[in-house]
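Asker: Have a look at the structure that comes next, please.
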Amino acid sequence: MQINLRIGIWNANGLPNHTREIEIFMHSHHIDVFLISETHFTNKTYFKIKGYDVISCNHPDNKAHAGSAILVKSSLKYVLLDNYQKPQIQAAGIQIKCDNSNVSICSIYIPPKHKVTCEDFESFFKKLGPKFIVGGDYNAKHQWWGSRLANPKGKELYKCVMKNKYSVLSTGRPTYWPSDPRKIPDLLDYIVYGG
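Position one of the sequence shown corresponds to residue 2 (my numbering), numbered consecutively onward.
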């Protein structure tokens, strides 16, 4: 069985403020799976989009910051993956059958202040199986996927991607526009995939 999925990605920086905007975008673009980073959810957050299941992974301290979510069209058959919920990585995901094999699809948020090593990235990606798509805000910059410069987290992710022969899907254009005019826009949101 062959499945064509439309996957969208969004850095919400506080999701409940964008509910209507997201709903319009998803329905007008016929999105099947929507990956959202930096949701700012807590255990008391309520969020719903008609026709979609909401799977979220909050920051482990349950305060309104960080976190990720994945919205899945309710008609799509999938298996829920265990949340990857650590201070340095929050990821929510599903697994679907596509072309007779399982593919894991996750939304990820990596807060800027935490150190994440190549081994941390490998540990996370290996839990997803041989075929995966992980999109969101990595806060990991590297020129290889279009950032202006490379930061330590970006160098570690690059090392992991090269070592494991993963791929990166990026627009090559900024996805982050700082409110401070002295800072320069850069690329933080993209997809890493394997298999």
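We put the CB at the ideal spot given by N, CA and C, even for glycine.
Would residue 194 and residue 168 qualify as a contact pair, given that the criterion is a beta-carbon distance under 7 Å?
Answerer: Looking up residue 194 in the sequence shown gives position 193. Looking up residue 168 in the sequence shown gives position 167. Cβ atoms of residue 194 and residue 168: closer than 7 Å.
Asker: On the three-state DSSP scale, how would you describe residue 23?
Answerer: Position 22 of the sequence shown, counting from 1, holds the residue named residue 23. Helix, per DSSP.
Asker: Would residue 159 be called buried (16 or more neighbouring beta carbons within 10 Å of its own) or exposed?
Answerer: Along the sequence shown, one-based indexing puts residue 159 at 158. Residue 159 should be labelled buried.
Asker: Would you please state the rounded distance, in angstroms, between the beta carbons of residue 115 and residue 89? I believe it to be under 8 Å.
Answerer: As a working note, residue 115 is residue 114 in the sequence shown. As a working note, residue 89 is residue 88 in the sequence shown. Rounded, the Cβ-Cβ distance is 4 Å, consistent with contact.
Asker: For residue 28, which residues of its own chain have a beta-carbon under 7 Å away from its beta-carbon, when the five flanking residues on both sides are left out?
Answerer: Against the sequence shown, residue 28 aligns to sequence position 27. No residues qualify anywhere along the chain.
Asker: Give me the Cα-Cα distance between residue 70 and residue 25, rounded to the nearest whole angstrom.
Answerer: The count along the sequence shown starts at 1 and reaches residue 70 at position 69. The count along the sequence shown starts at 1 and reaches residue 25 at position 24. Answer to the nearest angstrom: the Cα atoms are 18 Å apart.
Asker: Cα-Cα, which of 123, 111, 129 and 147 is closest to residue 66?
Answerer: For this step, residue 66 is matched to residue 65 along the sequence shown. Considering only alpha carbons, the answer is 111.
Asker: Can you list, in chain order, the residues of its chain whose CB lies under 7 Å from that of residue 87, leaving out five sequence neighbours each side?
Answerer: Here residue 87 is taken as the residue at index 86 of the sequence shown, counted from 1. Same-chain partners within the cutoff: 61.
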